[in-house]
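For reference, the structure is listed below as C-alpha cells.
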Amino acid sequence: MTTEPHLHAGEDTYTWKEGWATPPDGPLGDLGWAHHALVVTGDGRVVGAQSGGSVVCFYSEDGRLLSSWESGLTEIHGMMLDGNDHLWIADPALKAVPDGAGGYLADTPGAHGLVACFDLDGRRLRELPLPDHPAYADNRYQPTAVVVADDGAIWVADGYGQSLVHRYSPEGTLTLTLTGEEGAGRFDCPHGLFVDHRTDVPRLYIADRTNARIQIFDLEGKFLRSLTDGLNSPSAMVTYHSQLVVAELQARLAIFDIDDRLVGHLGEDETAASRPGWPNAIAEDGSVVRPPGLRPGEFNSPHGLAVNSRGDLLVAEWLVGGRMVRLDRS
Numbered sequence: 001m002t003t004e005p006h007l008h009a010g011e012d013t014y015t016w017k018e019g020w021a022t023p024p025d026g027p028l029g030d031l032g033w034a035h036h037a038l039v040v041t042g043d044g045r046v047v048g049a050q051s052g053g054s055v056v057c058f059y060s061e062d063g064r065l066l067s068s069w070e071s072g073l074t075e076i077h078g079m080m081l082d083g084n085d086h087l088w089i090a091d092p093a094l095k096a097v098p099d100g101a102g103g104y105l106a107d108t109p110g111a112h113g114l115v116a117c118f119d120l121d122g123r124r125l126r127e128l129p130l131p132d133h134p135a136y137a138d139n140r141y142q143p144t145a146v147v148v149a150d151d152g153a154i155w156v157a158d159g160y161g162q163s164l165v166h167r168y169s170p171e172g173t174l175t176l177t178l179t180g181e182e183g184a185g186r187f188d189c190p191h192g193l194f195v196d197h198r199t200d201v202p203r204l205y206i207a208d209r210t211n212a213r214i215q216i217f218d219l220e221g222k223f224l225r226s227l228t229d230g231l232n233s234p235s236a237m238v239t240y241h242s243q244l245v246v247a248e249l250q251a252r253l254a255i256f257d258i259d260d261r262l263v264g265h266l267g268e269d270e271t272a273a274s275r276p277g278w279p280n281a282i283a284e285d286g287s288v289v290r291p292p293g294l295r296p297g298e299f300n301s302p303h304g305l306a307v308n309s310r311g312d313l314l315v316a317e318w319l320v321g322g323r324m325v326r327l328d329r330s
C-alpha cells in the first residue's frame, strides 16, 4: 500500500493524490504534451483537456471522465469561466508535436492564435479579434491566458507572442495595452492572469513568468506593485479565502497570505528544472520521453491550477502525457 504524502504550508496540511484524473488519449496518443489550464464549474466539475489534443474534458470530483467535446482549436492553453458559465480559452496556435526522430518541434498553424468563448456544451459563442496593435504587423499573436473582470472587460495575456497584456471592452474592442511596469522593464512571458477579490478593490495579477515576478495593476491599468519574494516561475494563480496560491513551473506551488507575504512552498523539487530534457527526460537513444520515476509529493512542472469549494488544489503539469495531482486540504 502506497502512503499518500502530506504537505504543509503555514497552518494548512494537504494530502497528495497522485494521478487523480487521467485525460483521454488525443491524436498523438501517449506522445501528447500536456499544456492546459484547469477550472472548476459551479457544480464542482473540473475542466481540463487532452494531452496534446483539442478536446475539452469534464471530470467529477473523484476524477471520473464525465463528458468531453471537440473545441476545434490548435491548443487548449489558458481557460477561465465567467459569471455566465461561459468557458473562455486562450489558444496560442502553438503545439509540441513529434518530429519523427524522437524529439518534438513547435507546430504553429495559422498566422496567429486566438481567444474563443464556448458554452459548457461546446458551442462556440464568439471570438475576440486580433488586437489592433502595431506589434502584430509582422509578429505572431500567441495568447496564453484570458480573464473576464466584474465589469465585463476581457483581459488577454499574449505570453508566447509579444509579451503584452490587452484589455478589451465587453463588446470586443481593444481599449488598452500594458507592456509592464514603467522603469523596471517589459513583461517577459506574461503567462497567467487573475483578478484578485481578496480585498474590497479588485486587482489584476499578471504572472510575469520569465521575470520571476507577479505584477499587480488596478483594473484601469495603473501599476501598483510587484510581488517577487518566493517566486521563480509564476504561471497560474488562484485564491482561497485570504490565501493566494501560485503554480510555479519550476516544480512547486507558492502560498501567500492576504498581504502577499510568503507562507511557504508545497511539493518543491529543487533539482527538477536542472535535469536534462526537463520537463521531460532524455532516453539513452537521445529521444525525448516522459520523465521516469515521478514521485508523489514532488512536483515536476506545475502549469494549470484550480481550487474547489473545499480549498483542495488541482494541478495539471506540463510534460509528455500530462500529470494531474489533487492536494486535499485538511
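In the UniProt record's numbering, the protein residues as written are 1 to 330. Every residue gets a Cβ at the ideal spot worked out from N, C-alpha and C, and that includes glycine. These numbers come from a predicted model, not from an experiment.
Taking 8 Å as the cut-off, the Cβ atoms of Gly78 and Val146 count as close.
DSSP places Pro92 outside both helix and strand once states are collapsed to three, so it counts as coil.
Boundaries of the beta strand (DSSP E) around Thr177: 174-178.
The segment 323-330 and the segment 19-34 touch, with three or more beta-carbon pairs separated by less than 8 Å. Shortest Cα-Cα distance from Leu105 to any of Val288, Leu178, Asn300, Leu313 involves Val288.
In this structure, the beta-carbon distance from Leu7 to Gly230 does not fall below 8 Å. Of Leu65, Leu73, Leu38, Ser67, the smallest CA-CA separation from Ser54 is found for Leu73. Taking C-alpha positions only, Gly48 is separated from Leu81 by approximately 12 Å. In this structure, Ser226 keeps its C-beta atom at 8 Å or more from the C-beta atom of Pro190.
For Lys222, no beta strand (DSSP E) encloses it, and the DSSP letter there is neither H nor E. Distance from Asn280 to Leu249 at the Cβ level is roughly 13 Å; contact not present, criterion being Cβ atoms closer than 8 Å. Of all C-beta pairs linking the segment 263-274 to the segment 206-220, fewer than three are shorter than 8 Å, placing the two stretches out of contact. In the DSSP assignment, Glu70 falls within the beta strand (DSSP E) that extends over 65-70.
Each residue's CA atom was taken as its position, placing Ile89 and Ala254 some 25 Å apart. Secondary structure of Thr3 (DSSP, three-state): coil. In this structure, Thr144 is the residue among Leu176, Thr144, Arg261, Glu220 with its C-alpha nearest to the C-alpha of Ala207. Taking the Cα of Arg167 as reference, the smallest distance to any Cα among Ser330, Glu220, Gln243, Asp285 is reached at Glu220. With 16 or more neighbouring CB atoms inside 10 Å of its own CB, Ser51 falls in the buried class. By a beta-carbon distance limit of 8 Å, Val238 contacts Ala306. Their separation comes to about 6 Å.
Under the three-state reduction of DSSP output, Ser60 falls in the coil class, being neither helix nor strand. Ranked by how close their Cα comes to the Cα of Ala37, the residues Arg64, Asp91, Gly10 have Asp91 in first place. Between the alpha carbons of Glu270 and Ser233 lies a distance of about 13 Å.
Assignment of Thr210 by DSSP, reduced to helix, strand and coil, places it in the helix class.
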